[in-house]
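Adding 560 to a residue's 1-based position in the sequence shown gives its number in our numbering.
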Amino acid sequence: MTEIIVVTSGKGGVGKTTTSASLAIGLARRGSKVVVIDFDVGLRNLDLIMGCERRVVYDFVNVIHDECTLKQALIKDKRFEHLFVLAASQTRDKEALTQAGVERVLNELKAADFDYIVCDSPAGIEKGAFLAMYFADRAVVVVNPEVSSVRDSDRILGLLASKTRRAELGDAAVDAHLLLTRYNPERVARGDMMSVDDVQEILGLSVLGVVPESESVLASSNAGTPVILDAESAAGQAYDDAVARLLGEVLPMRFVDVQKKGLFTRWFGG
């Protein structure tokens with residue numbers, strides 16, 4: 561049975577596309593058939609992070625408007641046999657997405673036996689974001705540990721509870737999880753950043769993962785290689801942990817405590 565996962569937030573620049581790409585790769589690496597869809601019409605960044613920007617011929621909007629088939633628009637990842645990307649359009653506006661069109665594409669993907677459909681949502685509450693979450697079974701709410709990001713994500717939770725198909729049909733609510741990005745335990749200890757517990761208390765969500773601040777995220781994105789593939793980086797490890805938890809594994813939460821300095825460092829500084 562296909563599960564639709566929306567990666568969403570109320571604020572831009574928190575790492576949704578990096579998260580979408582990493583979750584999709586993590587699921588595919590574990591043997592699932594996965595497609596990740598870019599709902600950010602007009603901007604289109606997912607294909608860059610996935611490293612397939614030169615292979616985009618047709619996009620999500622082309623499929624919705626019957627300008628090509630779904631098969632023509634799906635880009636097969638070169639690293640994982642069962643991973644596909646459906647890029648957004650750079651030349652249309654967000655009104656090009658329609659609820660009926662999105663539903664038809666999702667139904668075609670379900671019929672093609674995809675295990676997971678990961679929807680990379682634009683920020684905020686405009687049409688693309690609404691359509692990305694409307695058909696979702698689960699939501700990953702990406703939040704930076706700062707007041708404005710948490711406040712805006714609280715509004716997204718309200719929409720997930722009231723503006724999805726599940727809400728309209730009176731079904732069980734969309735299962736939402738919290739993913740904290742750009743987390744810095746040292747800044748938390750100094751009182752310059754909200755802690756995991758602070759954010760969790762405000763939003764009332766289970767924590768799927770905590771991704772630490774890391775230069776490897778930007779470097780990986782620029783290289784078209786999602787950071788989850790960098791097994792040496794803390795961010796890559798954190799995303800892999802998040803995928804495991806998404807699949808029901810119970811793991812200790814890493815990267816949330818200040819690292820104690822070793823004896824050599826304490827003696828000689830650093």
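Using N, Cα and C, we set each Cβ at its ideal position, and we do this for glycine too.
Skipping 5 residues on each side, what residues in its chain have a beta carbon closer than 8 Å to that of L719?
-> I685, F690 and M693
M754: buried (16+ other C-beta within 10 angstroms of its C-beta) or exposed?
-> buried
Three-state secondary structure assigned by DSSP to P682 = coil
For my contact list, H642 and A588 are in at a C-beta cut-off of 8 Å; report their separation, rounded to the angstrom.
-> 6 Å
If P786 and I585 are in contact, beta carbons under 8 Å, what's the gap, nearest whole angstrom?
-> 5 Å
Grab me the residues of Y618's own chain with a C-beta within less than 8 Å of its C-beta, minus the 5 sequence neighbours each way, in chain order.
-> E627, C628, Q632 and A633
Less than 8 Å between the CB atoms is what I'm expecting for V710 and V702, so what's the real figure, rounded?
-> V710 to V702, Cβ: 11 Å. No contact.
Could you say which of S580, V595, I762 and L583 lies nearest to V707 if we only look at CA atoms?
-> I762
Report the option in A736, R664, L729 and E792 whose CA atom is closest to the CA atom of R698.
-> A736
Whole-Å CB distance - G570 paired with I716, under 8 Å assumed | 5 Å
Which residues bound the alpha helix (DSSP H) around F644?
-> Taken as a continuous stretch (DSSP letters only), F644 belongs to no alpha helix (DSSP H), being part of the beta strand (DSSP E) at L643 to L646.
Buried or exposed: G769, going by 16 or more other Cβ atoms within 10 Å of its Cβ?
-> buried
Looking at C-alpha atoms only, which residue of E792, L765 and S766 is the closest neighbour of E775?
-> E792
DSSP beta-bridge partners for Y799?
-> Beta-bridge pairing links Y799 to no other residue.
When the Cα atoms are used, what is the spatial distance from L729 to A721?
-> 12 Å
Is there contact here, the segment 593-602 with the segment 643-658, by at least three beta-carbon pairs under 8 Å?
-> yes
Using only alpha-carbon positions, find the residue among K593, T658, V816 and K723 that is nearest to E773.
-> V816
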